[in-house]
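Sequence order for the protein chains is A and B. Per the working numbering, the first sequence starts with residue -16, numbered consecutively. Per the working numbering, the second sequence starts with residue -16, numbered consecutively. Cβ coordinates follow ideal geometry from the N, Cα and C atoms, glycine included. See structure below.
Protein chains: 2
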Amino acid sequence: MARPTSGAASAQAQANTSFDVEISDKWNIGENPNGGYLTATSLQAMRHTAGQPDPLSVTTHFLRPGSGATGGVVETQLIRPGRRSTTVTGQLHQGDKQRLQVVAAFGDLSAESSSEINHSLDLPPVDLPPPDDCVSRVGLEQGVDLPIMSRLDIRLDPKWAAAGASDHAEVSGWIRFADGRPADTLGLVLFGDAFPPSLFSLLGRVGWVPTLELTVHVRRRPEPGWIRARFSTTDLHNGMLIENGELWDSTGKLVAQSRQLALLL
Amino acid sequence: MARPTSGAASAQAQANTSFDVEISDKWNIGENPNGGYLTATSLQAMRHTAGQPDPLSVTTHFLRPGSGATGGVVETQLIRPGRRSTTVTGQLHQGDKQRLQVVAAFGDLSAESSSEINHSLDLPPVDLPPPDDCVSRVGLEQGVDLPIMSRLDIRLDPKWAAAGASDHAEVSGWIRFADGRPADTLGLVLFGDAFPPSLFSLLGRVGWVPTLELTVHVRRRPEPGWIRARFSTTDLHNGMLIENGELWDSTGKLVAQSRQLALLL
């Protein structure tokens, strides 16, 4: 849990505020903490500075890998408070090096009735076999160790779970916290960066696919239960790729979308 | 053109650098400068600080509308220099108020041969009638004045150009600078925010659709000539929407993708 160490974290603060954070190694992918986990940890501090509960738009630039089982500092700055959305930046440092540069707009997604707009468009949820008929991510031969699977329960649609089995790059499945607690809107940001690379179904073992930049839009607070997710890559060029993701809650409502720019090493 | 006014704009600079910029009113949509134009203007300054030519990933939070026919200051900060990509932040101020918060990763997209990755995936270009069989954006009844159309030549596929004519929210067409100069990678960022809202084909006149946050990924340097573009909205909920865009150059290669979170007022 983020804990402020200097400055005043009110919605009026214009100065930088620093928060001490603990970075666990239980969320590692290979030897480094998962980027979605580091982003969600940074967002805990940034949310405090924003004074609003839900991240509407989150963009993280991953500057260097983080380190697990050690501390860190998140420096936040209130850029623009507003009634509908508040923009905050966050910088995660460990040791003397900055690891993440984050910018996020926060708002209140419980205020569903505030809009007079009647129109809506929705992406229908991806069709999936029941979780028990899916394949745990633990069983995939991905070429990296996955300590994060002690914290997350991820079940993949079998049709994407065999290396190089498909003629396109897609992965879909179910995700929840392993300890059974329901996901909040920060959890959705983490879930947006927790699946195996969608290139796996096309190319097989691709090892670590480092993310340069991740943007997640949270669209609704999720109802408790399994989250459905689909990730796909249709743009891979010169060793860089864009992966899109969509997440739905247990009622079938779209709760988040993600897009990341990543490197194929 | 951005001009540094303080600090040293070398790739080693860690301190803030300030650039004076001119903001024209010739790029207005209604009474305020287009957000893509303000972003591209900020990127000119940020590129100077980055020391690398091409924006790979650009995220802008629009805090307040800008003002045309007046000056501004872009404050840049070098966050993380790197061989493959360099992350820089930029803050556009006019008067005593910040208008934009930008973060971007810059690199060199001329270095096409640097990757040993042979795999590629490409989105095929949208099918369009020839530009002369399309409809100028000038002729659309959108409910806002469009000074920007003195600077941009935008031709829309007629099937999307009638208000509320479609059962889904999409717009596609051609775009180029009105003075005939070819687009560079900064121009692509501007083009990613220059079409009428894709909701027009579904809902008709929607007036100004303010963007909260815009992310553009530039994937290639464009060849000279018309740029093809397609924008669509499949996620509209509680007065907020996500619009996705794709841009291709005159050879049919994907050159950029965009996504924005916007408000339907």
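**Request:** Can you tell me which of the three DSSP states F178 of chain B falls into?
**Result:** Mapped onto the second sequence, residue 178 of chain B falls at position 195. If DSSP states are grouped into helix, strand and coil, F178 of chain B belongs with coil.
**Asked** Just by C-beta distance, which residues in the stretch 33 to 53 of chain B are closer than 8 Å to chain A?
**Response** L39, S40, T42, H44, L46 and R47
**Request:** Run down chain A in chain order and give the residues with a C-beta less than 7 Å from the C-beta of A177 of chain B.
**Result:** Here residue 177 of chain B corresponds to residue number 194 of the second sequence, with the count starting at 1. Per Cβ cutoff of 7 Å: no residues; A177 of chain B is ~20 Å from chain A at best.
**Request:** Could you tell me if G122 of chain A is buried or exposed, where buried requires 16 or more neighbouring beta carbons within 10 angstroms of its beta carbon?
**Result:** Within the first sequence, residue 122 of chain A is the residue found at index 139, counting from 1. With fewer than 16 other Cβ atoms within 10 Å, it is exposed.
**Asked** So what does R242 of chain A bridge to, in DSSP terms?
**Response** Mapped onto the first sequence, residue 242 of chain A falls at position 259. In DSSP, R242 of chain A forms a bridge with A:T198 and A:N227.
**Prompt:** Given that P63 of chain A touches chain B, what residues does it touch there, using C-beta distances under 8 Å?
**Reply:** Stepping through the first sequence from its first residue, residue 63 of chain A is reached at position 80. The sequence given here has Arg at residue 63 of chain A, not Pro. Within 8 Å Cβ-Cβ: H44, L46, R47, Q81 and Q84.
**Asked** Which residues, in chain order, does the stretch 134 to 161 of chain B contribute to contact with chain A at a C-beta distance below 7 Å?
**Response** A152
**Prompt:** Run through DSSP, which three-state label would P16 of chain A get?
**Reply:** Taking the first sequence and counting its residues from 1, the one referred to as residue 16 of chain A is at position 33. Three-state result, P16 of chain A: strand.
**Asked** Less than 8 Å separating the beta-carbons of E229 of chain A and S181 of chain A?
**Response** Mapped onto the first sequence, residue 229 of chain A falls at position 246. Mapped onto the first sequence, residue 181 of chain A falls at position 198. Not closer than 8 Å, so no.
**Request:** List the whole-angstrom C-beta distance separating A152 of chain A from L185 of chain A, where the pair is believed to meet the contact cut-off of C-beta under 8 Å.
**Result:** Taking the first residue of the first sequence as 1, we reach residue 152 of chain A at position 169. Taking the first residue of the first sequence as 1, we reach residue 185 of chain A at position 202. Contact holds; Cβ gap of about 4 Å.
**Request:** Could you tell me the distance, in whole angstroms, from the CA atom of R164 of chain B to the CA atom of I131 of chain B?
**Result:** Locating residue 164 of chain B in the second sequence gives position 181, counting from the first residue. Locating residue 131 of chain B in the second sequence gives position 148, counting from the first residue. R164 of chain B and I131 of chain B: Cα-Cα distance of roughly 16 Å.
**Asked** Where does the unbroken beta strand (DSSP E) through S155 of chain B begin, and where does it stop?
**Response** Along the second sequence, one-based indexing puts residue 155 of chain B at 172. A152 to F160 is the extent of the beta strand (DSSP E) around S155 of chain B.
**Asked** Buried or exposed: where does T234 of chain A fall if 16 or more other Cβ atoms within 10 Å of its Cβ makes it buried?
**Response** For the purposes of this step, residue 234 of chain A is identified with residue 251 of the first sequence, where counting begins at 1. T234 of chain A is exposed by the Cβ-count criterion.
**Prompt:** Tell me, which residues are paired with L139 of chain A by DSSP?
**Reply:** Numbered from 1 along the first sequence, position 156 holds the residue referred to as residue 139 of chain A. A:V118 and A:G156.
**Prompt:** Are the CB atoms of L21 of chain B and L75 of chain B nearer to each other than 8 Å?
**Reply:** Along the second sequence, read from residue 1 onward, the residue named residue 21 of chain B stands at position 38. Along the second sequence, read from residue 1 onward, the residue named residue 75 of chain B stands at position 92. A contact, by the Cβ cut-off of 8 Å.
**Request:** Give a yes or no on whether 8 Å exceeds the smallest Cβ distance from Q77 of chain A to chain B.
**Result:** Counting from one through the first sequence, the residue named residue 77 of chain A turns up at place 94. Chain B contact via Cβ: absent.
**Prompt:** At a Cβ cut of 9 Å, what residues of the stretch 217 to 233 of chain A count as close to chain B, listed as they run along the chain?
**Reply:** T217, D218, L219, H220, N221, G222, M223, L224, I225, N227 and E229
**Prompt:** Does DSSP classify H31 of chain B as helix, strand or coil?
**Reply:** Here residue 31 of chain B is taken as the residue at index 48 of the second sequence, counted from 1. Helix.
**Prompt:** So with Cβ pairs under 8 Å, would you call Q27 of chain A a contact of chain B?
**Reply:** Stepping through the first sequence from its first residue, residue 27 of chain A is reached at position 44. Output row for Q27 of chain A: interface = no.
**Message:** Given the structure, does R47 of chain A come close to the ligand MN, in the sense that its CB is under 7 Å from one of the ligand's heavy atoms?
**Reply:** In terms of ligand content, the structure shown is empty, and the ligand MN therefore cannot be addressed.
**Message:** Any beta carbon of chain B sitting closer than 8 Å to that of T168 of chain A?
**Reply:** For the purposes of this step, residue 168 of chain A is taken as the residue at position 185 of the first sequence. No, its Cβ sits nowhere closer than 8 Å to a Cβ of chain B.
**Asked** What are the residues of the stretch 176 to 202 of chain B that lie near chain A, defined by any Cβ-Cβ distance shorter than 7 Å?
**Response** L186, L195, E196, T198, H200 and R202
**Item:** Sequence-distant residues of its chain with Cβ nearer than 6 Å to S(-7) of chain A (five each side left out)
**Value:** Within the first sequence, the letter at position 10 stands for residue -7 of chain A. Only weak support is given to the placement of S(-7) of chain A: the predicted model assigns it a pLDDT of 39, under 50, and the value that follows is read from those uncertain coordinates. Nothing meets the Cβ criterion.
**Message:** Using a 10 Å radius around the Cβ and a threshold of 16 neighbouring Cβ atoms, would you call S93 of chain B buried or exposed?
**Reply:** One-based indexing of the second sequence puts residue 93 of chain B at position 110. Per the 10 Å Cβ criterion, exposed.
**Request:** Within its chain, find whatever has a CB closer than 7 Å to the CB of W143 of chain B; leave out the 5 residues flanking it on each side and keep chain order.
**Result:** Numbered from its first residue, the second sequence carries residue 143 of chain B at position 160. Around W143 of chain B: S149, E153, V154, S155 and S184.
**Request:** Could you tell me whether the Cβ atoms of A23 of chain B and L169 of chain B are closer together than 8 Å?
**Result:** Numbered from 1 along the second sequence, position 40 holds the residue referred to as residue 23 of chain B. Numbered from 1 along the second sequence, position 186 holds the residue referred to as residue 169 of chain B. Their beta carbons are under 8 Å apart, which means A23 of chain B touches L169 of chain B by this criterion.
**Asked** Within this structure, are the beta carbons of G18 of chain A and T194 of chain A separated by less than 8 Å?
**Response** Counted from its first residue, the first sequence places residue 18 of chain A at position 35. Counted from its first residue, the first sequence places residue 194 of chain A at position 211. Yes, the Cβ-Cβ distance between G18 of chain A and T194 of chain A is below 8 Å.
**Asked** Mind listing which residues of the stretch 100 to 131 of chain A have their C-beta closer than 8 Å to chain C's C-betas, in chain order?
**Response** The structure shown contains no chain C; the protein chains it does contain are A and B.
**Request:** Indicate whether at least one CB of chain A lies closer than 8 Å to the CB of A88 of chain B.
**Result:** Taking the first residue of the second sequence as position 1, residue 88 of chain B is located at position 105. So, interface residue.
**Item:** Best match in A:A87, A:Q77, A:W209 and A:D116 for proximity to L39 of chain A [C-alpha to C-alpha]
**Value:** Reading the first sequence from its first residue, position 56 is the one you call residue 39 of chain A. Ranking the options by Cα distance to L39 of chain A, first place goes to A:A87.
**As assigned by DSSP and simplified to three states, the class of P48 of chain B** = Numbered from 1 along the second sequence, position 65 holds the residue referred to as residue 48 of chain B. In this structure, P48 of chain B counts as coil in the three-state DSSP scheme.
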